Amino acid sequence: SEVIPTSNGTIDAVEGVSVTTDNGTVTIQGAAGETAYVRTVLGQTVAETVLTSDNATIAAPAGVVFVTVGNETVKVAVK
């Protein structure tokens, strides 16, 4: 999987899918029906959920986390 540099903006992980962060959350847009995983840099799974909408928000710890949707993973910084 391709890892995209850390950013607090929108990241195109999969065509039509974007991952953004805000205070303590990760928002995944455009991936309804996909399974999303949020993991720490040590590989600990913070969240694993099937996205029920095209605008899903998941709580995440502050710091760098990896968000996987489908076969793509992106690295994001959560404030």
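Numbering of the sequence shown is given in this note's numbering, commencing with residue 827 and proceeding in unit increments.
Glycine residues also receive a C-beta, built at the ideal position from the N, C-alpha and C atoms.
Please read these numbers as outputs of a predicted model, since none were measured by experiment.
Buried or exposed by the 16-neighbour rule on C-beta atoms within 10 Å, applied to residue i
i: Glu828; result: For Glu828, the predicted model reports a pLDDT of 46, less than 50, meaning its position is unreliable and no value from the coordinates is stated.
i: Val867; result: exposed
i: Val876; result: exposed
i: Ala882; result: buried
i: Thr886; result: Looking at the sequence itself, residue 886 is Ala, so the reference to Thr does not match. Looking at its Cβ environment, which holds 16 or more other Cβ atoms inside 10 Å, Ala886 is buried.
First and last residue of the uninterrupted beta strand (DSSP E) at residue i
i: Ser844; result: Val843 to Asp848
i: Gly889; result: Gly889 to Val895
Residue i - DSSP class collapsed to helix/strand/coil
i: Asn881; result: strand
i: Ala886; result: coil
i: Glu874; result: strand
i: Lys905; result: coil
i: Glu860; result: coil
Distance, residue j Cα to residue i Cα
i: Gly869; j: Val891; result: 9 Å
i: Gly889; j: Thr871; result: 14 Å
i: Glu898; j: Val864; result: 12 Å
i: Gly856; j: Gly850; result: 20 Å
Nearest-angstrom beta carbon gap, residue j and residue i [assumed within contact, 8 Å]
i: Thr847; j: Val902; result: 5 Å
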